[in-house]
Structure formats: structure tokens, C-alpha cells
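Colleague: Pasting a structure here, questions to come.
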Amino acid sequence: MKSLPFIRPIALTLLLASSLSFAADDHGGTVKPEPYAVGKTMSKAIQASITPDAALDILKNGNQRFATGKSIKRDYKKQIMQTGLGQYPFASVVACIDSRSAPELVFNQGIGDLFVARVAGNVINEDILGSLEYAAKAAGSKVIVVLGHTQCGAIKGACDAVQLGNLTGLLDKIKPAVEATKTSGERSSKNHEFVQDVAHENVNNSVQKIREMSPLLKEMEEKGQIKIVGAMYDVGTGKVTW
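So the sequence shown is numbered by the numbering used here: it starts at 641 and just counts up by one.
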């Protein structure tokens, strides 16, 4: 039996469509397709082909999958073998230590995809900066994301001026965000809106500190080699806003 003449074009169209990954954005539209097969282990060639804008789109697509229960399953044993002799992460994430906000899960990425630096309150210090400089300049990462989150214990501690061993010094780094936040009402962790606004301000401050404290990263951003952005993760919905 002969194939109908329109079957092949339809099959080709479906094949092409399935090879690209699209995700709805917060406004019901779509973000750009990912520049490589979703779930494929990152290689040097793939990393080199990804622009800072494309790297950001990959993270947005990944979070869309995660938040809608469509995370891609990966063969971790295979990825361990493929990355055993080298790694080529396309993005770096500075995140809080909160157990609910693991970047690899939130952005639905696999082994070898992300450099992740975690510290309570996603604050910036010289050790974090050195790590980010290595990731971008030496290892080829294309985007730096400072990822804050809702219901952050460190933010609440800073709002309440908590004193607790070495944590006190860390919370001092969040104080500028507390002082800059003008939300009305009680200025403590009892005020949910105040806490959330401080968390947003703290992310903005951390992004600015990266630019101010690292001439190397600032120059790379100005040359279009990397992007430095802030984002907020909602622990109640699984969604990241940019």
C-alpha cells in the first residue's frame, strides 16, 4: 500500500517539533527553545555554543518543567561516566542553604550543568566571588544567578536582629536590605510582606555586590560574555520569578 503524499511532510514537522523544547512563561507565552537536546550531558562544544541569553532561557525552561511536574528524568549513572574526566557547566547559581531550594532540582538540571554556591541568605563574600570568577573566567559558565527564596530563615533572622554565634556576622550582611526596605507595618519576621520585600532587596544587593566587588566579572558582563541576574524562588509553588 502506497503512502499518502502528505504523510511524509507531517511526519517531518512532528519530528522537528519534538526536537525543540518550549515552555510557557509567566504570561502564557513561550520562551526560546533550548539550543541543545534537553537532558543531554553538557559538553565543551555545547557549552561554547550557548550564549548568556540562551543560558538564561535554559534555566527558565527547566524551572517551568519543575513547577508543572514535568521534570526530565536523567540517567545519573551515565552522566557520572560522561563527566568523570571533565565538567562544562553553563550557569552558576548563588543560593541559600534552605533545604527546599536546591538549584539543580528547581531548574531541572543534571550532573555537570551547574556550578552552585550555597550560603544562608545567598549573601556575597570573597570566597563566593572567587568561586564565581573561576566558574565564569576559567570554566566557561555563561550566567550568574543570585537565587533568593520566600520564607527565608536567614532573612527572618536579619529582620529580628538575631544574635547566634557566627551566624550574627552573616546576618549583618543582610542588614542593608532590611534598612532599605520601606514596607509599612511591623518591621519584624511577623510581617510577611516585610520579610518578602527584604528578601527581594537582598537579592538585588547581592547582584550589585558581585559587580562592585569583582572587576573581573563586571568587565565580562560589560563585554557581553556573561549575564549577572537575580531571581526569587517561591517555596510554595516551585516557580522562579526573574
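Every residue, glycine too, gets a C-beta built ideally from N, C-alpha and C.
Can you tell me which of the three DSSP states Asp665 falls into?
Modeller: Its pLDDT being 45, under 50, Asp665 is placed unreliably by the model, and nothing is read from it.
Colleague: Just to confirm, is the Cβ distance from Val818 to Cys799 under 8 Å?
Modeller: For Val818 and Cys799, yes; Cβs fall inside 8 Å.
Colleague: Whole angstroms are fine: how far does the CA of Ala801 sit from the CA of Glu826?
Modeller: Distance between the alpha carbons of Glu826 and Ala801: 14 Å.
Colleague: What does the Cβ neighbour count give for Ala695, buried or exposed, with the cut at 16 atoms within 10 Å?
Modeller: Taking all protein chains in view, the Cβ of Ala695 is crowded by 16 or more other Cβ atoms within 10 Å, so the residue is classified as buried.
Colleague: Give me, in chain order, the residues of the same chain whose beta-carbon lies closer than 8 Å to that of Val847; leave out the 5 immediate sequence neighbours on both sides.
Modeller: Val786, Ile868, Val869, Gly870
Colleague: What is the C-beta distance between Gly750 and Gln719, in whole angstroms, given that I count them as a contact (C-beta under 8 Å)?
Modeller: Taking the Cβ atoms as the reference, Gly750 lies roughly 5 Å from Gln719, within the contact range of under 8 Å.
Colleague: Please classify Asp666 as buried or exposed, where buried requires at least 16 neighbouring CB atoms within 10 angstroms.
Modeller: Unreliable placement is indicated for Asp666, whose pLDDT of 42 sits below 50; no coordinate value is reported for it.
Colleague: With three or more beta-carbon pairs closer than 8 Å as the criterion, would you say the stretch 774-789 touches the stretch 835-850?
Modeller: yes
Colleague: Return the residue from the list Ser739, Ile784, Lys710, Thr808 that minimises the CA-CA distance to Ser854.
Modeller: Ile784
Colleague: Does DSSP classify Thr936 as helix, strand or coil?
Modeller: Outside the shown range of the chain, which is 641 to 882, sits residue 936, and nothing can be said about it.
Colleague: Between the Cα of Asn765 and those of Ile866, Glu852, Val880, Met872, spot the shortest distance and give me the residue it belongs to.
Modeller: Relative to the Cα of Asn765, the nearest Cα in the group Ile866, Glu852, Val880, Met872 belongs to Glu852.
Colleague: May I have the straight-line CA-CA distance separating Asp738 from Tyr873, to the nearest angstrom?
Modeller: 11 Å
Colleague: Report the start-end ranges of each beta strand (DSSP E) in the stretch 718-791 that is 3 residues or longer and not cut off at the edges.
Modeller: 731-735, 754-758, 783-789
Colleague: Among Val734, Phe730, Asp693, Glu744, whose alpha-carbon lies nearest the alpha-carbon of Lys713?
Modeller: Glu744
Colleague: Identify every residue that forms a DSSP beta bridge with Gly679.
Modeller: Answer is none; Gly679 lacks a bridge partner.
Colleague: In whole angstroms, give me the CA-to-CA distance for Gly809 and Lys849.
Modeller: 17 Å
Colleague: When you compare only the Cα positions, how much space is there between Asn831 and Val759?
Modeller: 24 Å
Colleague: Give the DSSP-derived three-state secondary structure of Lys867 in the structure shown.
Modeller: Lys867 falls in the strand class under three-state DSSP.
Colleague: Where does Val880 sit, in a helix, a strand or coil, going by DSSP?
Modeller: The answer is strand: DSSP assigns Val880 an E or B state.
Colleague: Going by alpha carbons, who is nearest to Ile866 out of Ala776, Lys822, Lys700?
Modeller: The residue with the shortest Cα to Cα distance from Ile866 is Ala776.
Colleague: How would you write the range of the alpha helix (DSSP H) that Gly702 sits in, first residue to last?
Modeller: 692-707
Colleague: Beta carbon of Val756, beta carbon of Val733: below 8 Å?
Modeller: yes
Colleague: Are the CB atoms of Val835 and Met796 within a distance shorter than 8 Å?
Modeller: Correcting the residue type first, residue 796 is Lys in the shown sequence and not Met. Yes, the pair counts as a contact, with Cβ atoms nearer than the cut-off.
Colleague: Do Ile768 and Phe730 have their CB atoms nearer than 8 Å?
Modeller: no
Colleague: Name the two residues that bound the continuous alpha helix (DSSP H) containing Gly793.
Modeller: 793-799
Colleague: Measure the C-alpha to C-alpha separation of Lys717 and Lys680 and round it to an integer number of angstroms.
Modeller: 13 Å
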